[in-house]
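Student:
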Amino acid sequence: MVAKFLKKRSKRVPARRRYKVEKRVRQHNKKLRREAKKNPKTKSKKDPGVPNSLPFKEEILQEAEERKRQAEELKLRQKEEMRNPEAANKRKLEELEEEALLKGSLFNAKKMKMDVDAADADDTVKETTGKGYYKEFKKVIDAADVILEILDARDPLGSRCPQVEEAVINSGPNKKLVLILNKIDLVPTENVTNWLKYLRNELPTIAFKSSTQNQKSNLARSSVPIINSTKLAKSSYCLGANVLMKLLGNYCRNKDIRTHIRVGIVGFPNVGKSSVINSLKRTRVCNVGATPGITKAMQEIHLDKHVVLLDSPGIVFAKSDSVASALRNAVKVESLKDPIAPVEEILKRCNRKELLMFYSIPEFNTVAEFLALVAKKQGKLKKRGVPNINEAAKTIINNWNEGKIKYYTHPPNNALLPSYLDAKIVSEMSAAFDIDKLLEDEQEVMSSLPKVRAMNFITNESSGPIEAVIEIDQPEEEVPELMDEDKKVKDKCEKVPQRMQGKAKKLDNALTLDGNLKLNQLSKSQFKRLKKKRKRNEKVAEKLSDSLTSAMKSLGGDGDDTYNFKDHSDLAEHAARCRRAAKPERENMAALNQSCRSFRHLFQRNKAFQFITRFKSHLPEVHDGGSMVIEDVTKIPLNLPLKSIPPPIYRKLHDNDSNSETKVTTLPNGLRVASENRFGQFCTVGVIIDSGSRYEVGYPSGISHYLEKLAFNSTSEYQNREAIMKDLEKYGGICDCQTSRDCTIYATSVSTEGVPTVVRLLSEVILRPKLISQELVEVGSMIQFEVEDMNIKPEQEPILTEMIHAGAYNNNTVGLPKFCPVENISKINNNLLYTYLKSYYQPKNMVLAGVGIDHDKLVELAKKYFMDKPAIWQENPELCFPGAEIKDTSIAQYTGGLIRKEKDLSNVSLGPTPIPELAHIVLGFESSSHQDKDFISFCVLNMMMGGGGSFSAGGPGKGMYTRLYTNVLNRFHWMYNATAYNHAYNDTGIFCIHASAHPSQLNELVEVIVKEFVGMAGEITDKEIDRAKTQLQSMLLMNLESRPVVFEDIARQVLATEHRKMPQHFIDEINKINPDDIRRVANRMLRTKPTLAALGNLEKLPAIKDVVSALANTDGRFSRKFSIFR
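For the record, in the sequence shown the residue sitting at position 638 is 638 according to UniProt numbering, with numbers rising by one throughout.
1. Determine the DSSP secondary structure at Lys175, reduced to helix, strand or coil.
2. Mark Trp400 as exposed unless 16 or more other C-beta atoms lie within 10 angstroms of its C-beta, in which case mark it buried.
3. Reducing DSSP to helix, strand and coil, say where Tyr836 ends up.
4. From Gln378 to Gln774, what does the alpha carbon distance come to, in whole angstroms?
5. Just the C-alpha distance for Pro641 and Leu1040, rounded to the nearest angstrom, thanks.
6. Pull the bridge partners of Lys209 from the DSSP assignment, please.
7. By the 10 Å Cβ neighbour count, where 16 or more other Cβ atoms means buried, how is Ala71 classified, buried or exposed?
8. Could you give the distance in angstroms between the alpha-carbon of Tyr359 and the alpha-carbon of Ala326?
9. Could you say if the stretch 1076-1096 and the stretch 1013-1022 meet the contact criterion of at least three C-beta pairs nearer than 8 Å?
10. Note down the Cα distance separating Pro1102 from Ser714, rounded to an integer number of angstroms.
11. When DSSP labels each residue in this structure, what does Ala590 get in the three-state scheme?
12. Helix or strand or just coil, what does DSSP make of residue 1141?
13. Distance, Cα to Cα, Ile1067 vs Ile636?
14. Could you spell out the range, first to last residue, of the alpha helix (DSSP H) harbouring Ser1065?
15. Quick one: Cα of Cys743 to Cα of Ile1104, how far?
16. Is it right to say residue 1209 is buried, meaning 16 or more other beta carbons lie within 10 angstroms of its own, or is it exposed?
17. So, with DSSP's three-state summary, where would you put residue 1130?
18. With a floor of 4 residues, list each alpha helix (DSSP H) that falls wholly inside the stretch 716-772, ordered by position along the chain.
19. Sort Ser210, Asn52, Ile688 and Leu101 by Cα distance to Asp1047 and report the nearest one.
20. Between the Cα of Ser1119 and those of Val1010, Gly1096, Asp1026 and Thr1030, spot the shortest distance and give me the residue it belongs to.
21. Compute the distance between the beta-carbons of Ser927 and Asn982, then report whether it is under 8 Å.
22. Which residue comes first and which comes last in the alpha helix (DSSP H) that contains Ser274?
23. Residue 1210 to His998, Cα distance in whole Å?
24. In terms of residue numbering, what span does the alpha helix (DSSP H) encompassing Tyr699 cover?
25. Counting only the same chain and skipping the five closest in sequence on each side, list residues whose C-beta sits under 7 Å from that of Leu1036.
26. Are Ala1028 and Met944 close, meaning C-beta to C-beta below 8 Å?
27. Would you kindly check if the distance between the Cβ of Ser1109 and the Cβ of His855 is under 8 Å?
28. Kindly indicate the opening and closing residues of the alpha helix (DSSP H) around Ser1034.
29. Curious, which full-length beta strand (DSSP E) runs of at least 3 residues does the stretch 966-1009 contain?
30. Less than 8 Å between the beta carbons of Val851 and Arg1043, yes or no?
31. May I ask you to report which of helix, strand or coil DSSP gives Cys161?
32. Straight-line CA distance for Leu1002 to Ile1073?
33. Kindly list the residues whose CB is nearer than 7 Å to the CB of Glu764, restricted to its own chain and excluding five residues on each side of it in sequence; keep chain order.
34. Over what stretch of residues does the alpha helix (DSSP H) that includes Leu196 continue unbroken?
35. Among the candidates Gln27, Ile915, Leu1092 and Val386, whose CA atom is the shortest distance from the CA of His994?
36. Where does Val1108 sit, in a helix, a strand or coil, going by DSSP?
Laid out in structure tokens, this is it:
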């Protein structure tokens, strides 16, 4: 039986099966042949390759090989990405960052270049535009028989140009001028009637309303009388066109004109010139828009067989106030450098109540506050929620120009004729157009206007007629000064205008005035000749520099070791000879002076000359026959000092050196001045104040947060933050303000030369801030944005720190919020801030500290700026609330307890590598103040616990040998973070551990942290204590190498203890710590009530009583609850 199963099976196949397989194969091949006949396919030809006769064959083959190699690399990279998607995502993110940085740098460079080019070409463009507009305007005046000057009915005098009217009247008796009062639908009817009476005392005037329809043809025109005039006037139909056509017809009949007349349309930008033409033609033949500069050239429009209309660009304003130009829509709003000034003018003219209703904003006091409210209402915000007041100002100006803010002006009481008009001209103008026959038709037009109440409009005073640019000043080109020998050339240039006086008399008088629009051809040709001379001078200078370079090569001698100055003592004479030899007779002395300057520059750049000039007084001199021989220092070995250079003297630091100690002086007003002199060109000076969020018991929370953001803004001497930064930049300085729960620090770092300026600046910022409304609004927006941003960030440490303090001290002293709650932003005003400043910003609560500055000098400056000058609340007591200047002196009361906050943290970090959903807990106990004898022991305990993130691989405070790393992060893979903190204040402290993990592991997370707290009072080895002490000492000494850290150390210690303990004192105290001290402070801490703060999905969070019971166990475990049900 066994042999039977071990026998190999035969591979023979029955014939029946073999025949069946062969038959199916034949059928399949037959089917393929049949399909191939139906769908014949040509065989792909073999690639013949690159022929040898092709030029650049090798380069083409190399490119093909490179493409092939890149394709293979791409395939390999894709395979690696499929195998390791996390690394691929990380690499893609890095590539995206590099690409974004590259594109950002390219964009910034391109933008800077565009800004520079735009700034350079700005003046040229403006000049060219004004010149071109004037040419087109002059064409219209010369070609037209009748000139229609378009006026804005809202401000007719403000849109009227006396220069244009004078130019038309002076052109001769054949030129007629008519005023068109456009946009009559935007003002009350009574106002239109009054303006018609006023203007007709001077010139013929017609009331008009242009069509505002959007279609290209068949624009509607009303034929009065009409059935429903009110609805028509409110619509987009045209009014007054028939009256104007009759007026032009009367002129044709009175002058017996059988051919056609030319009618020129002129006026300032955006008064409606093109709209009037479109309304008369009843077709959109001219482009219209609210932006100035739509019409750029003269256009001819045939109205009918007798009338041809000439459209012209807007008249260019003369150089005047940009505010008036902006409010008349004569300039583009986007090009305004200061859009706030026109808004100030609008506020002066308008009724504030109507603006409040129009923009739906609350009351305001200043222009900045008004703009901030409008920007916030319309969503025009910058980063961090700061209102964009410039964009808001531009929006308001556009609303004014577009007629959304309704206004009108009254005509003047006195109707005096201008200097260029008289009664004869007025009567001739009226008779030519037979204006009296049109009064009935005009009355029907006026009756068709809606009866609008004047109370719906804003009454303004007219700004009067405007001057226009009829002549453009020619910019002067810089001409190099000519020497005395070139007076002949200068005289020839001056004689050129005299030779052309005959031709100049034929020119128009306007073109001979200074600053006319045509370029001065004579001066232009003179400039061309001067440019050619400059090019010739450059060639001469190049030849001369070559000859001088060859002459300088001779300074090296023939390779001798010495250099004789006598051989080259007449270098100046040699240069003069070269100058005379190279100067052609036709060149001027300016080129030679430039060559001399290049010669001196070339000689000074010579290394031998620089070396001799710099070290001439130090090198040994050997006089031999009147020549000076200098020793070649290049042959002296580097390990030997130079003979004539004195050896360096190094400063030695002694234990009793007065420069290394901290000096403290108390001024009569209670201000303490502390400083430590250090070597260096820069110093750090600042003020620390016993003020913080813990003192906001009688105030809305957030005062300190507001003061931090308001620091280094406007003061009594500084207008704004930019002025402060400008003063600091003179000395390479920076400034900063930071607030904590128990102190506020104002600090600056500048060059030692700027110490007086900095001390004066600090006194202004601290004792005399303005706290204007605009700054309060901006700071409120910044705080709101900061709080909202803090709540959506993945990092939850600031929120957890706030929660653990609030739970440990039950909202008293250090438990008060450090960040301003959003609901308190509207409660804080400048009176409240000034009251707080008066209570806590007293000299006795301050320390003026400095590092790298002489102590006596700092004391003198402190007396000058902090004693002699009073604070702003002392000069103006009305700024503060009366009877509220009491400082809180309450002591912190530790209560402990539980504070929890449910929050969805599943989507706080999205992207290619999102942070997983986490739940955070902070468990803390009361420790000690920084003046307690156990403070150093708690610091060592904090270093021993250490901790950090799960990705930590070393570094101060989170090394892999600390307890939270070895016992927690290295053992529990689900733990995301575990870090120990020790917060110490003047009268209390809290020691806590922050940990985070997935919400499903929250119960185990709390149990692990409780075990670590219990283990602090257990076994502690000397090795881990020594490691923690060494780490603490190294951190202390390394931090004190920084000048700002030394400043803060001095300021905090002097504020708390009136003196400063040197670093060696803390080094000795750290060395004294032993394991018994650690166990003692741990037991002291565990005897207090625990505080637990939790944030996130807290479904699995244990009760506080379970935490207390676990702390009572020796192993720190939670009590297990057994049940037959799961």
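Glycine included, each C-beta is placed from N, C-alpha and C at the ideal position. Please read these numbers as outputs of a predicted model, since none were measured by experiment.
Tutor: So, from the listed chains and residues:
1. coil
2. buried
3. helix
4. 17 Å
5. 36 Å
6. Leu239
7. exposed
8. So the two alpha carbons sit approximately 21 Å from each other.
9. With a cut-off of 8 Å, the stretch 1013-1022 and the stretch 1076-1096 count as touching, because enough Cβ pairs lie within range.
10. Each residue's Cα considered, the two are about 52 Å apart.
11. Note that Ala590 has pLDDT 49, beneath the 50 cutoff, so the model's placement of it is unreliable and the number below is only indicative. When DSSP states are grouped into helix, strand and coil, Ala590 belongs to the helix group.
12. Lying outside 1 to 1126, the shown extent of the chain, residue 1141 is not represented and no answer is given.
13. 48 Å
14. A small fix is needed here, since residue 1065 is His in this sequence, not Ser. First-last of the alpha helix (DSSP H) with His1065: Pro1063 to Asn1071.
15. Each residue's Cα considered, the two are about 33 Å apart.
16. Outside the shown range of the chain, which is 1 to 1126, sits residue 1209, and nothing can be said about it.
17. Past the edges of the chain, shown from 1 to 1126, lies residue 1130, and the structure says nothing about it.
18. 721-729 and 755-767
19. The question names Asp, but residue 1047 is Phe in the sequence shown. Checked all of Ser210, Asn52, Ile688 and Leu101; the closest Cα to Phe1047 is Ile688.
20. The shortest Cα separation from Ser1119 among Val1010, Gly1096, Asp1026 and Thr1030 belongs to Val1010.
21. Going by C-beta atoms, Ser927 is nearer than 8 Å to Asn982.
22. Lys273 to Lys281
23. This structure leaves residue 1210 out entirely; the chain is present only between 1 and 1126.
24. Run containing Tyr699: none; DSSP gives neither H nor E here.
25. Pro1063 and Phe1066
26. Taking 8 Å as the Cβ cut-off, Ala1028 and Met944 qualify as a contacting pair.
27. no
28. Asp1022 to Asn1039 is the span of the alpha helix (DSSP H), which, as asked, contains Ser1034.
29. 975-984 and 989-997
30. yes
31. coil
32. 35 Å
33. Thr715, Ser716, Glu717 and Tyr718
34. Thr189 to Leu199
35. Leu1092
36. DSSP places Val1108 in helix when its eight states are reduced to three.
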